[in-house]
Each structure stands twice: as C-alpha cells, then as structure tokens.
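**Student:** Whatever position you read off the sequence shown (first residue = 1), add 94 for the numbering used here.
To start, I am sharing the structure in question, which I have written as structure tokens.
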Amino acid sequence: MSGYEFDDATAEEIEAESATYGPIAHATRRLADLSIRTQVSSEAAARAHEHLEAAIALLETDLADGPYGLKHSSLGITRAWGNAVVGLRNPIAPPLNIVHGDGMVWSDFALTAAYEGPPSLVHGGVSALILDQLLGEAASAAGKPGMTGTLTLRYRRATPLGALRAEARVDRAEGIKTYVVGHIADAEGVCVEAEGVFILPRWARGEETPERFE
95 MSGYEFDDAT AEEIEAESAT YGPIAHATRR LADLSIRTQV SSEAAARAHE
145 HLEAAIALLE TDLADGPYGL KHSSLGITRA WGNAVVGLRN PIAPPLNIVH
195 GDGMVWSDFA LTAAYEGPPS LVHGGVSALI LDQLLGEAAS AAGKPGMTGT
245 LTLRYRRATP LGALRAEARV DRAEGIKTYV VGHIADAEGV CVEAEGVFIL
295 PRWARGEETP ERFE
C-alpha cells in the first residue's frame, strides 16, 4: 500500500515542520470561513485576491510529488497531517483532536460556515466524514485496526454548525471484522448515530506485502 512512509525525523524536526506549515493551514481555514461571510467592497476583495495569488505563487515553487500520506518516525510519532479530518497541514480538516481513554475515543470541535449543507446546519456528508475517521480511530485504539468496510448513519436530527462532540467505541469483533459505534452530538443531545464495520486488510493478515515493505 503506497503512502506509508517510515523516516528518522527527530522530535525537533517534527516540531519545526508543525511550526512552519501548521499556521498556513490554520490561516487557510480562517480564510475559507471569511471567503463565505465577507462583505467587503469589490476593491478590497480584489486586493485580497491579489495577495492570495501571490501566496499561491510562492508556495507552489517547491512541491512534493504527491499527497502527504502517513508518516511514521523511528520515535513512534505518527503524522497523518494530510488527513481530511485530523490533518494538521490540511485546511479542509477542522481539524479534530481525538482523545483516547476509558474504552472509547472522543473529540470536542467546532464546524464553521465552510461545512454548511442546509442553511446554518452541517452537511450530512461532513458528518459521515468525521464519524468514519472517529470510528476508525476507535478500532485502532482497541487494537483492532482496519479499513472501512461499511459505514451506516442515522441522522436523528439536524446538526447545527458550531460546537459539537463526537464519540466512538468498539461494540464487538468477529474475526477480521470490528464493529464500531459512535455519534455526533450538540448541547441538546445526539444528532447523528453511526455503525461501522472495519476489516483488517490482507497485508496486515500476512496475505499481501504492502509496497512500503518491498
């Protein structure tokens, strides 16, 4: 499986990468929200566009050949920094800070205007994206990592933009399949429920050799 990389990055190098590129992603998240909600004049918008084009020209002078992938350092530090839900370097990601403990995983986070579907509400596909990530993290935290086989959602009521909490836990495991349940809630209660089946991939069962070990 491509995209997995092992390196010898030191703690200092990892921190330097975070400090260098994390702020760009954070600023771009803010920009997405501002792009939707700004009401500045056409002249101010044109000046902002010029600055953005200058930033793009600067950033594209040196690019990696492909996506960020998943990097594992020899220190045991994993960087999924391109991930669409938790990626430190991905401005699409909220990003979620996922906490492990007491047999479950959870995250408190906020979704801005960039994640809107129906007016003032979270897009249903965004809820699915977040729950897919969280349920997968719960499976891995329980020692049952796997790839998403199925993901079933029940939208119990509208999910508002703003402060939210997501939780997930392993329900049961049957051979190579792990069944995980979770939900997203606001201050009023559960908005979306999910059940996912995560399947241990063939290479992890010793049936295939991923590209990273070849």
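Note that CB positions come from ideal geometry on N, CA and C, so glycine has one too.
Look at the alpha carbon of T155 and the alpha carbon of L146, and state the distance between them as a whole number of angstroms.
**Tutor:** Roughly 15 Å separates the two Cα atoms.
**Student:** Tell me, please, which residues DSSP counts as bridged to W200.
**Tutor:** Looking at the DSSP assignment, W200 forms a beta bridge with V193 and E261.
**Student:** With three or more C-beta pairs closer than 8 Å as the rule, is the segment 236-245 touching the segment 205-212?
**Tutor:** No, the segment 205-212 does not touch the segment 236-245.
**Student:** Alpha carbon to alpha carbon, how far is K271 from E289?
**Tutor:** K271 and E289: Cα-Cα distance of roughly 13 Å.
**Student:** Count the other C-beta atoms from every protein chain shown that fall within 10 angstroms of the C-beta of T132, then say buried if there are 16 or more, exposed otherwise.
**Tutor:** Exposed.
**Student:** Apart from the five residues just before and just after A252, which ones in its own chain have a Cβ nearer than 6 Å to its Cβ?
**Tutor:** Cβ neighbours of A252 beyond the five flanking positions: L215.
**Student:** Which residues mark the beginning and the end of the alpha helix (DSSP H) in which H325 is found?
**Tutor:** There is no way to answer for residue 325, as the model of the chain reaches only from 95 to 308.
**Student:** Quick check: the Cα distance between T172 and T114, rounded to an integer number of angstroms?
**Tutor:** Their backbone Cα atoms lie some 18 Å apart in a straight line.
**Student:** What separation, rounded to the nearest whole angstrom, lies between the Cα atoms of S221 and R259?
**Tutor:** In a straight line, the C-alpha of S221 is about 11 Å away from that of R259.
**Student:** Compare the beta carbon distance of A232 and V284 with 7 Å and say whether it is the shorter of the two.
**Tutor:** For A232 and V284, no; Cβs fall outside 7 Å.
**Student:** Do L164 and G116 have their CB atoms nearer than 7 Å?
**Tutor:** Contact flag unset, no.
**Student:** Can you say whether D226 is buried or exposed, counting buried as having 16 or more other CB atoms within 10 angstroms of its CB?
**Tutor:** Buried, by the Cβ-count rule.
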